Amino acid sequence: MPPRLPIPQGLRTLSLCLRPTPPSTTTPALSHLPLIQTANVSQKTKVKRKENKRRMKQDPYGWAQTQQRKNANLRRRAELEAERKEAWGSPIHGVTTPFVESFDSGGQAPLSTPPVDGDGNPLSPPHELPTSQHIANYLLSKKEISQAIKQSKHLTSPIEDDLGVADRGTSKSALKKHEENAKNARIALQRITDLNNGSAKDKKHANKRRCIETFGRHVTDVVLPHAAPHPSIGDPQEPKPVRAGPDTGSSEVQIAILTAKIRAVALALEGHKGYKDKNNKRSLRLLLHKRQRLLKYMEKKERGSERWQFMLKTLGITPACWKNQIEV
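Residue numbers (UniProt numbering): 1 to 328.
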């Protein structure tokens, strides 16, 4: 038994043991580590609640004013947080604009397709979309098709000699038949070259043409003002010649084309059983990171210019599309 110290008669229930505390076999000695003091959060909370109750009893009017200021501050913080979240946007879609929505139809639909509920009722009214009615399928334009129809009708029309006698036995019935054939050929060509009857690949090619026509520098250099030269350049340089179209190599054109591809792949993944499509998930990641690299490069070169602002506004590009790490 270890030695025990004698204590007074009234304190015999207490005893002081001099046996040393044996070291624990599971935890190592922590004498060489710094001493860390942790605050008791629950105790602090209790003290704060006590103080609040005391203030509420002593000065109820001042306490009510304090609570009003606090609630107003919390409401304002929530509003600012919602605005920041909306401005930050989505790394995939950013902020959907009418021009981006028109990618779904290749620039042919004049109105948007609103979302519907479970019963098929539209949740919002449709709005107007920018269209490109001059673009047709198979890399053609409506003007080229009309000229080809007109020329083919002229070449296949019956020929009459100078005396007014129909050549090769042509007559009024032949002329009428020729008119009917030309009309049927025109209707058939319009159906064949209509983008609404085309595939997703045909609409992709049409969207590429629309991006080149909208963001190509052979167009924007004429419409948008040029950025001011840097002060370190000195004397103003001679104006550069206007670019010849179609401009397919500019950063904004490539970003617009990638945005059209990203929207098509993202909508496919958001559809029925899209979560199983691992190949398209990988393709979406590659497209997003490629667009991110181009946006970072263009921000460094064109930040603040009219060309940069026009691209962000038209495509709905937000900081989430090129800042921080993109995870899909």
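Note that the Cβ used here is the ideal one computed from N, Cα and C, for glycine as well.
Since this is a predicted model, take the numbers as computed values, not measurements.
Less than 8 Å between the CB atoms is what I'm expecting for residue 398 and ILE326, so what's the real figure, rounded?
-> Nothing about residue 398 can be reported from this structure: the residues present for the chain run from 1 to 328 only.
Own chain, CB closer than 7 Å to LEU123, minus 5 neighbours either side, in chain order | The count along the sequence shown starts at 1 and reaches residue 123 at position 123. Around LEU123: PRO114, PRO115, VAL116, ASP117.
Could you say which of LEU284, SER152, SER250 lies nearest to LYS301 if we only look at CA atoms?
-> For the purposes of this step, residue 301 is taken as the residue at position 301 of the sequence shown. The candidate whose alpha carbon is nearest that of LYS301 is SER250.
Out of curiosity, what's the CA-to-CA distance linking ALA87 and THR318?
-> One-based indexing of the sequence shown puts residue 87 at position 87. One-based indexing of the sequence shown puts residue 318 at position 318. Whole-angstrom Cα-Cα distance: 7 Å.
Rounded to a whole number of angstroms, what is the C-alpha to C-alpha distance between SER132 and VAL219?
-> As a first step, residue 132 must be located in the sequence shown, where it is residue number 132. As a first step, residue 219 must be located in the sequence shown, where it is residue number 219. Between SER132 and VAL219, the C-alpha separation is close to 16 Å.
Leaving aside the five residues before and after THR248 along the sequence, list all residues of the same chain whose C-beta is less than 7 Å from its C-beta, in chain order.
-> Residue 248 sits at position 248 when you count from the first residue of the sequence shown. Here the set comprises ILE212.
Distance, Cα to Cα, THR314 vs THR156?
-> Here residue 314 refers to the residue found at position 314 when the sequence shown is read from its first residue. Here residue 156 refers to the residue found at position 156 when the sequence shown is read from its first residue. Roughly 46 Å between the two C-alpha positions.
Give the DSSP-derived three-state secondary structure of GLU128 in the structure shown.
-> Counted from its first residue, the sequence shown places residue 128 at position 128. GLU128: strand per DSSP, three-state reduction.
Cβ of LYS142 within 7 Å of Cβ of ALA148?
-> Counting from 1 along the sequence shown, the entry for residue 142 is found at position 142. Counting from 1 along the sequence shown, the entry for residue 148 is found at position 148. No, Cβ-Cβ distance for LYS142 and ALA148 is not below 7 Å.
Where does the unbroken alpha helix (DSSP H) through PRO122 begin, and where does it stop?
-> The residue you call residue 122 lines up with position 122 of the sequence shown. Here PRO122 belongs to no alpha helix (DSSP H), and DSSP marks it neither H nor E.
With distances taken between CB atoms, is the gap from TRP322 to LYS290 smaller than 7 Å?
-> Indexing the sequence shown from 1 puts residue 322 at position 322. Indexing the sequence shown from 1 puts residue 290 at position 290. Not a contact, by the Cβ cut-off of 7 Å.
Per DSSP, which residues does VAL116 bridge with? Please list them.
-> Translated into positions along the sequence shown, residue 116 becomes position 116. Answer is PRO122.
Taking only the alpha-carbon atoms, compute the straight-line gap between residue 331 and ALA320 and give it to the nearest angstrom.
-> For the chain, the structure presents residues 1 to 328; residue 331 sits outside this window and is missing.
Integer Cβ distance of LEU269 from LEU284, believed to fall under 8 Å | Taking the sequence shown and counting its residues from 1, the one referred to as residue 269 is at position 269. Taking the sequence shown and counting its residues from 1, the one referred to as residue 284 is at position 284. That pair is a contact at about 7 Å.
Quick one: any contact between the stretch 198-215 and the stretch 259-268, if contact means 3 or more CB pairs under 8 Å?
-> yes
So is LEU189 in contact with chain C if we call contact Cβ pairs under 7 Å?
-> Any reference to chain C falls outside this structure, which holds one protein chain only.
Look at the alpha carbon of ASN324 and the alpha carbon of GLY89, and state the distance between them as a whole number of angstroms.
-> Counted from its first residue, the sequence shown places residue 324 at position 324. Counted from its first residue, the sequence shown places residue 89 at position 89. Cα-Cα distance, rounded: 13 Å.
Which of helix, strand or coil does DSSP assign to residue 340?
-> Past the boundaries of the shown model lies residue 340; the chain is included only from 1 to 328, so the question cannot be answered.
Around the Cβ of LEU312, are there at least 16 other Cβ atoms within 10 angstroms (buried) or fewer (exposed)?
-> On the sequence shown, position 312 is the one that residue 312 refers to. With 16 or more Cβ atoms within 10 Å of its Cβ, LEU312 is classed as buried.
Straight-line gap, ARG69 to ALA78 (C-alpha atoms, nearest Å) = Translated into positions along the sequence shown, residue 69 becomes position 69. Translated into positions along the sequence shown, residue 78 becomes position 78. Answer to the nearest angstrom: the Cα atoms are 14 Å apart.
Just how far apart, CA to CA, sit ARG54 and LEU80?
-> Residue mapping note: residue 54 aligns to position 54 of the sequence shown, counting from 1. Residue mapping note: residue 80 aligns to position 80 of the sequence shown, counting from 1. Those two C-alpha atoms are separated by around 33 Å.
Using three-state DSSP, classify LEU224 as helix, strand or coil.
-> Along the sequence shown, one-based indexing puts residue 224 at 224. Correct three-state label for LEU224: coil.
According to the neighbour-count rule (16 or more other Cβ atoms, all chains shown, within 10 Å of its Cβ), is ARG84 buried or exposed?
-> Indexing the sequence shown from 1 puts residue 84 at position 84. Burial call: exposed.
What's the C-alpha gap between ALA109 and GLU128?
-> The residue you call residue 109 lines up with position 109 of the sequence shown. The residue you call residue 128 lines up with position 128 of the sequence shown. Rounded to whole angstroms, ALA109 to GLU128 spans 9 Å at the Cα level.
SER199 (DSSP reduced to helix, strand or coil) | Working through the sequence shown from its first residue, we reach residue 199 at position 199. Residue state, collapsed to three classes: coil.
Between which two residues does the alpha helix (DSSP H) carrying ALA87 extend?
-> By 1-based counting over the sequence shown, the position of residue 87 is 87. Counting along the chain, the alpha helix (DSSP H) containing ALA87 begins and ends at 60-88.
Compare the C-alpha of LEU139 against each of LYS153, LYS201, SER171, THR96 and name the closest.
-> The sequence position of residue 139 within the sequence shown is 139, counting from 1. The residue with the shortest Cα to Cα distance from LEU139 is LYS201.
Would you check if the distance between the CB atom of ASN207 and the CB atom of PHE103 is smaller than 7 Å?
-> Counting from 1 along the sequence shown, the entry for residue 207 is found at position 207. Counting from 1 along the sequence shown, the entry for residue 103 is found at position 103. In contact: ASN207 and PHE103 (Cβ atoms closer than 7 Å).
Mind checking which residues open and close the alpha helix (DSSP H) that includes SER251?
-> Locating residue 251 in the sequence shown gives position 251, where the first residue counts as 1. 251-270 is the extent of the alpha helix (DSSP H) around SER251.
Pairwise C-alpha distance: LYS172 and ALA244 = Working through the sequence shown from its first residue, we reach residue 244 at position 244. Working through the sequence shown from its first residue, we reach residue 172 at position 172. If you take the alpha carbons of ALA244 and LYS172, they lie about 50 Å apart.
Per DSSP, which one or two residues make a beta bridge with GLY94?
-> For this step, residue 94 is matched to residue 94 along the sequence shown. Answer is SER90, bridged to GLY94.
Starting from the N-terminal side, write out each stretch of the alpha helix (DSSP H) that is 4 residues or longer and does not extend beyond the stretch 269-322.
-> 278-302, 306-315
Using the Cα positions of VAL265 and LYS240, report the straight-line distance between them to the nearest angstrom.
-> Numbered from 1 along the sequence shown, position 265 holds the residue referred to as residue 265. Numbered from 1 along the sequence shown, position 240 holds the residue referred to as residue 240. Roughly 39 Å separates the two Cα atoms.
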